[in-house]
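Colleague: The end of the sequence shown is residue 682 by the UniProt record's numbering, with every number in the run present. Where a beta carbon is used, it is the ideal one built from N, C-alpha and C, also for glycine. All figures in this text were calculated on a predicted structure; none of them were measured in a lab.
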Amino acid sequence: MKAPKAKKIPHRLFIHNDERIDPYFWLNQRENPEVKAYLEQENNYAQNKMKDTEVFQNRLFEEMKARYKEDDESLPYFYNSYWYLVKFEKGKDYPLFFRKFQSLGNPEELILDVNKIAEGKDYLSVGSVSFTEDNKLFAYSTDETGRRIYTIYIKDINKGILLDDIIENTTGNVVWANDNEHFFYIKKDKNLRAFQVFRHRLGTAQEEDVLVYHEEDATFNVSVSKTKSREYIFISSSSTVSDEHRFIPANNIFSDWTVVQPREVDLEYAVEHFQDCFYILTNEGGAANFKLVKTLVNQCSKENWEEILPHREDVLLEGFEIFREFLVVEERKQGLLQINIRKWEGDNRYYLPFSEETYTAYIGVNLDFDSKGLRYGYTSLTQPAATFEYDMENKTQVLLKEQEVLGGKFDKNNYQSERIWAKSRDGETLIPISLVYKKDTVLSPETPLLLYGYGSYGHTVDASFSRGRLSLLDRGFIFAVAHIRGGEYLGRAWYENGKMLKKKNTFYDFIDCAQFLIDRKYTSAEHLYAMGGSAGGLLMGVVMNEAPDLFNGIVAQVPFVDVVTTMLDEDIPLTTGEFDEWGNPKNEEYYHYMKSYSPYDNVATKSYPNILVTTGFNDSQVQYWEPAKWVAKLRDLKTDNNLLIFKTDFSSGHSGASGRFESLKDDALEYAFLLKLENIKD
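1. Going by beta-carbon coordinates alone, are residue 477 and residue 435 separated by less than 8 Å?
2. Taking 8 Å as the threshold, find out whether the segment 612-621 comes into contact with the segment 247-257 through three or more Cβ pairs.
3. Going straight from the alpha carbon of residue 366 to that of residue 45, what length do you get?
4. Could you tell me which of 569, 528 and 379 sits nearest to residue 15, measuring between CA atoms?
5. Apply the 10 Å Cβ neighbour rule to residue 30 and answer buried if 16 or more other Cβ atoms are within range, or exposed otherwise.
6. Are residue 531 and residue 608 closer than 8 Å when you measure CB to CB?
7. Within this structure, are the beta carbons of residue 262 and residue 244 separated by less than 8 Å?
8. With distances taken between CB atoms, is the gap from residue 184 to residue 198 smaller than 8 Å?
9. Hey, would you say residue 322 sits closer than 8 Å to residue 274, going by beta carbons?
10. Could you give the DSSP three-state label for residue 639: helix, strand or coil?
11. At what residues does the alpha helix (DSSP H) containing residue 471 begin and finish?
12. Report the rounded CA-to-CA distance for residue 248 versus residue 233, giving the unit in angstroms.
13. Report the residue from 662, 677, 650 and 630 whose alpha carbon sits nearest the alpha carbon of residue 643.
14. Is residue 249 helix, strand or coil when you go by DSSP?
15. With three or more beta-carbon pairs closer than 8 Å as the criterion, would you say the segment 658-669 touches the segment 47-65?
16. Run through the segment 525-574 for me and flag every whole beta strand (DSSP E) of 3 or more residues, listed as ranges in chain order.
17. Could you tell me if residue 413 is buried or exposed, where buried requires 16 or more neighbouring beta carbons within 10 angstroms of its beta carbon?
18. Unbroken alpha helix (DSSP H) runs of length 4 or more, entirely within the segment 61-127: which are they?
19. Report the option in 504, 67 and 150 whose CA atom is closest to the CA atom of residue 468.
20. Could you pull the DSSP bridge partners for residue 194 from this structure?
21. Would you list, in sequence order, the uninterrupted beta strand (DSSP E) runs of no fewer than 3 residues that lie entirely inside the segment 334-411?
22. Applying the criterion that 16 or more other CB atoms from any shown protein chain within 10 Å of the CB defines a buried residue, is residue 376 buried or exposed?
23. According to DSSP, simplified to helix, strand and coil, what is residue 55?
24. By Cβ distance, which residues of its chain are closer than 8 Å to residue 674, with the 5 residues on each side in sequence left out?
25. What is the DSSP secondary structure of residue 303, counted as helix, strand or coil?
26. Which residue or residues does DSSP assign as beta-bridge partners of residue 432?
27. Distance check for residue 564 and residue 332, CA to CA, integer angstroms please.
28. For residue 237, does the three-state DSSP call read helix, strand or coil?
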């Protein structure tokens, strides 16, 4: 079967006295039948090229699915008189929400069965579930396209009926006022930016809702939330480098909104409430790795902020949890997350002990100020996710739940994880790499290795467990995560040195990690593979252009690859909020810098690795036409006979298929692609 050939219609793009001709610009016409026809041709071609793996894909899917406990349930948590838990039942793809009054020994009450809502739908995602203070009503939201546009519904629990109130075109989040009659929600604009906060009164039409806040700055998004104390409702406006929060008492929703601290460029802060104070995590005053301050609720601007935890050059302060007697802090030092516990009174402070070389730990759901028990999570590349309750007074703990790995074959003692440090091309910077492999896997140039990367928005890819990944490890693969600049693995400076006009550090770090693994004989270029999604897909596109000979195969999931064109078009969803991450190409310096690495603009006439590209037709984050154009250009220019496979899911968005196990089919395709290249058929 011949590879599809997208037709060329030259489209001139001109700015800064620079001309670009885009022959595939027409693929952005979502409603054009020729566009869908082309994407379907690519899907048929992908199916043809992977036909020899179809049985294997199904076996991989069943193998991965078999590791899950189908009749599983979450840990219960107590909130406002009820214990809440989520269950999955065997043979069903979607969760069921339950609650029990006061005691876990009481009968459970089914609140919401998402399986019934999802019947007959190709895609269904629940955004949030939120209860009134009197526990009689709850709101839930659903997205049926994958565009992350949610419709809100209200259900009367006792009567078991939906109210007439239906709110469309929202972010899905609902925050109830304490009067049990009003709630707040957020609308999206035509570019899918969260920009308006409305107040809704039960029993009225959406057209009657009151606009309480409109964020006019197109680089900011808004969110709405209620404090842990349930005493205040917050509207938060945030860009990549700036925050502004305003609040009202949850008991008096018609009062004027008070701004905590007016927005300033490069001033970030997050707020929590306890007693008569706000506790604020902030980078104010040059605290790049953040510090913790507090201030009285009625004197909350920054000149009143009192320092509790100072800024530290070697420790990134990532989060905190307040208890009546204790303060618990999430810190990241040398890439590893630590949990520090301290009493408010005295100098009694200590860290929870974690001993693995690479892992991640995090504060869990802790809704009770008075509790002396801290729920926290722990996982590593070899350790399934586990939730513990730690007694902060007596310094003892119990394991509440550990992720089960069924199938009878898994023993974490059969796997080895480690962390190594690659030297970057500048000769000074050391880049951490976390690896895992089966202990009987021989590390050599013949060993297949999958290197994963992201490196944007300060998002850190931590070393965590994956049940699906075992299907690669058990077949002799090494899995590695490159903790490259652009994330915050080594603190805020690690992020700042991988964004804007320093973005190329992200790409070079990944390439240098790949070369390091080859030099250290963990693998070789003939057996090295790379994977990344979204901004990590951009990473894949750049390293393919820069160092195609280093990799035998690349998997690019929903890749952001047409950087310049997208960032110049403020009508494309979410573009304006990205200027502080990539720069604004309407500025000539940023334009030329972005153009110099943009994967689509730099496809050349040369050989490329084997490539698998995936996208969702309804993707709201990275529009489907970016990978479509990129693949079309690669087909036209590449000089090799390697695989180039492009699959569009017409029923999903950025996060892939809905349903508990449907996403495993995507994993099975990606794994079958990698294993096919290694000639592993079983």
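Modeller: Taking the coordinates as given:
1. One-based indexing of the sequence shown puts residue 477 at position 477. One-based indexing of the sequence shown puts residue 435 at position 435. In this structure, residue 435 does not lie closer than 8 Å to residue 477 by Cβ.
2. Here the segment 612-621 makes no contact with the segment 247-257; the two share fewer than three CB pairs at distances below 8 Å.
3. Position 366 of the sequence shown, counting from 1, holds the residue named residue 366. Position 45 of the sequence shown, counting from 1, holds the residue named residue 45. Cα to Cα, residue 366 sits roughly 50 Å from residue 45.
4. Mapped onto the sequence shown, residue 15 falls at position 15. Of the listed residues, the one whose Cα sits closest to residue 15 is 569.
5. Position 30 of the sequence shown, counting from 1, holds the residue named residue 30. Label assigned to residue 30: exposed.
6. Mapped onto the sequence shown, residue 531 falls at position 531. Mapped onto the sequence shown, residue 608 falls at position 608. At least 8 Å separates the beta-carbon of residue 531 from that of residue 608.
7. Translated into positions along the sequence shown, residue 262 becomes position 262. Translated into positions along the sequence shown, residue 244 becomes position 244. Yes, Cβ-Cβ distance for residue 262 and residue 244 is below 8 Å.
8. Numbered from 1 along the sequence shown, position 184 holds the residue referred to as residue 184. Numbered from 1 along the sequence shown, position 198 holds the residue referred to as residue 198. Judged by beta-carbon spacing, residue 198 lies within the 8 Å limit of residue 184, meaning their Cβ atoms are closer than that value.
9. The residue you call residue 322 lines up with position 322 of the sequence shown. The residue you call residue 274 lines up with position 274 of the sequence shown. With respect to the 8 Å criterion, residue 322 and residue 274 are classified as neighbours on the basis of their beta carbons.
10. As a working mapping, residue 639 is identified with position 639 in the sequence shown. For residue 639, the three-state secondary structure derived from DSSP is coil.
11. Numbered from 1 along the sequence shown, position 471 holds the residue referred to as residue 471. Counting along the chain, the alpha helix (DSSP H) containing residue 471 begins and ends at 470-473.
12. Along the sequence shown, one-based indexing puts residue 248 at 248. Along the sequence shown, one-based indexing puts residue 233 at 233. Distance between the alpha carbons of residue 248 and residue 233 is about 6 Å.
13. As a working mapping, residue 643 is identified with position 643 in the sequence shown. Comparing Cα-Cα distances from residue 643 to each of 662, 677, 650 and 630, the minimum goes to 677.
14. The residue given as residue 249 occupies position 249 in the sequence shown. Correct three-state label for residue 249: strand.
15. They touch, by the three-pair rule.
16. The qualifying runs are 528-533 and 553-557.
17. By 1-based counting over the sequence shown, the position of residue 413 is 413. With fewer than 16 other CB atoms across the displayed protein chains lying within 10 angstroms of its CB, residue 413 is exposed.
18. As for any alpha helix (DSSP H) of minimum length 4 sitting wholly inside the segment 61-127, the runs are 114-118, ordered along the chain.
19. Here residue 468 refers to the residue found at position 468 of the sequence shown. Nearest Cα to residue 468 within the set 504, 67 and 150: 67.
20. By 1-based counting over the sequence shown, the position of residue 194 is 194. Note: residue 194 is bridge-paired with 188 in the DSSP secondary-structure output.
21. Counting whole runs of 3 or more residues, the segment 334-411 contains the beta strand (DSSP E) stretches 336-343, 349-351, 359-363, 373-380, 386-391 and 396-402.
22. Stepping through the sequence shown from its first residue, residue 376 is reached at position 376. Answer is buried; the Cβ neighbour count reaches 16.
23. For this step, residue 55 is matched to residue 55 along the sequence shown. Here DSSP, grouped into helix, strand and coil, assigns residue 55 to helix.
24. Residue mapping note: residue 674 aligns to position 674 of the sequence shown, counting from 1. Cβ within range, chain order: 448, 450, 472, 477, 529, 553 and 555.
25. Numbered from its first residue, the sequence shown carries residue 303 at position 303. Residue state, collapsed to three classes: helix.
26. The residue given as residue 432 occupies position 432 in the sequence shown. Under the DSSP definition of a beta bridge, residue 432 partners with 421.
27. Translated into the one-based positions of the sequence shown, residue 332 becomes position 332. Translated into the one-based positions of the sequence shown, residue 564 becomes position 564. Computed Cα separation, rounded: 34 Å.
28. Translated into positions along the sequence shown, residue 237 becomes position 237. Residue 237 falls in the strand class under three-state DSSP.
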